[in-house]
Amino acid sequence: MSEYEWWQERCDGMGISQSLKVKLLHREQSPFQLIEIYDHEDFGRLLVLDGYIQASQADEFIYHEMGMHVPLLGRERKDANVLIIGGGDGGNLREALVHDFVKSVTMVEIDERVIRLSEEYLGVNGDYNDPRVNLVIDDAKKFVSNAKDRGEKFDVIILDLTEPVGPSAVLFTEAFFTDLVEIVSDAGVVVDSDSVFLTLHGGGFLQEQSGDGENLVSVMLKTRLLPHMEAYRANVPLYPGGDFGFYLYSKDGVSLRHPVKDYQGKHYDADVHQASFALPKWQRDWLDR
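Numbering of the sequence shown is given in the numbering used here, commencing with residue 664 and proceeding in unit increments.
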């Protein structure tokens, strides 16, 4: 067991990084990525994949509540089918299961070791034994292609992905999105998210810095495979940049900014839901580019 030492998060492209004084609890190289679990005296345990922080016990609920409850509660839904792509820490699963109108939650995670280590060390996950849960350990690209062939449809699809440097890289492509839109129900929505930066050159995404210069927002704005986009935001302190954007893509363009049901989370409620859609002018201009 290591002592508390300074650790620096991976830095790609922008020349900035955050440093935390942490203690290493576990490290292993899975067949897909480097998995590390650290402990911080104030932020609790951290899940780190390929050098990037994915979740901390202190603030994970902000990301998971805002990513799940806004699309679920932004319009009337009955017997909703939810698909989580990635999400190995289990936090999005936890939030989906709090709603009785959610009929099923399918979670597709390529790396089972992330799931098991997150259960052991973070303990923020939902109940994998809930009868509504279908846990699939497989490649999401293959799963989506097969689901399209089976004619399956989902009402809320959450892209809970790592940065595009490991097994997620093939999902940040037009080819993947072309298949993905085929499994979105008529009233369904796809939720994507990323850390947002503001520089002298304008706004930017962490995914653009850590990948090949493109992210799913830019792919969708270019292709219009799902023609309607809405954006909202939250502050997740331990994500790079602090400002975190969520992006909703749909077929019918029904706005999700006004919740149709009340729900009180640790962070989420109806007021926060509506307020999160109020973007500053520079973000509106940047997304309209």
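Glycine included, each C-beta is placed from N, C-alpha and C at the ideal position.
With ASP802 as the anchor, note down where its alpha helix (DSSP H) starts and where it stops.
-> Along the sequence shown, read from residue 1 onward, the residue named residue 802 stands at position 139. Where ASP802 is concerned, there is no enclosing alpha helix (DSSP H), given that its DSSP letter is neither H nor E.
Go ahead and pull the three-state DSSP assignment for SER719.
-> On the sequence shown, position 56 is the one that residue 719 refers to. Strand at SER719.
Going straight from the alpha carbon of PRO922 to that of ASP713, what length do you get?
-> Translated into positions along the sequence shown, residue 922 becomes position 259. Translated into positions along the sequence shown, residue 713 becomes position 50. Their Cα atoms are separated by approximately 36 Å.
Would you identify the three-state DSSP class for ILE700, choosing helix, strand or coil?
-> Locating residue 700 in the sequence shown gives position 37, counting from the first residue. Strand, per DSSP.
Under a Cβ-count criterion, where at least 16 other Cβ atoms within 10 Å of its own Cβ denotes burial, should GLY754 be classed as buried or exposed?
-> Residue mapping note: residue 754 aligns to position 91 of the sequence shown, counting from 1. Label assigned to GLY754: buried.
Let me know the secondary structure DSSP gives THR769 once reduced to three states.
-> Position 106 of the sequence shown holds residue 769. Of the three classes helix, strand and coil, the one that applies to THR769 here is strand, per DSSP.
So does the region 785 to 799 actually touch the region 817 to 825, counting three or more Cβ pairs closer than 8 Å?
-> no
Check THR953 in the structure and name its three-state DSSP category.
-> Coverage of the chain is limited to positions 664 through 952, which leaves residue 953 absent and any answer about it impossible.
Member of ILE725, ASP675, LYS741 and GLY678 whose CA lies at the smallest distance from the CA of PHE909 | Working through the sequence shown from its first residue, we reach residue 909 at position 246. Comparing Cα positions, the closest option is ILE725.
Could you tell me whether the Cβ atoms of GLU775 and MET731 are closer together than 8 Å?
-> Locating residue 775 in the sequence shown gives position 112, where the first residue counts as 1. Locating residue 731 in the sequence shown gives position 68, where the first residue counts as 1. The answer is no: Cβ separation not under 8 Å.
Look at VAL765 and ARG738 and say whether their C-beta atoms are less than 8 Å apart.
-> For the purposes of this step, residue 765 is identified with residue 102 of the sequence shown, where counting begins at 1. For the purposes of this step, residue 738 is identified with residue 75 of the sequence shown, where counting begins at 1. Cβ atoms of VAL765 and ARG738: not closer than 8 Å.
Residue(s) in a DSSP beta bridge with LYS686 = Counted from its first residue, the sequence shown places residue 686 at position 23. Beta-bridge pairing links LYS686 to ASP702.
Return the chain-ordered list of same chain residues with a C-beta closer than 6 Å to the C-beta of SER680, the five sequence neighbours on each side being excluded.
-> Taking the sequence shown and counting its residues from 1, one reaches residue 680 at position 17. Same-chain partners within the cutoff: GLN671, GLU672 and CYS674.
Would you mind working out which of TYR926, TYR912 and GLN946 sits nearest GLY851, comparing C-alpha positions?
-> Locating residue 851 in the sequence shown gives position 188, counting from the first residue. Checking every option, the nearest Cα to that of GLY851 belongs to TYR912.
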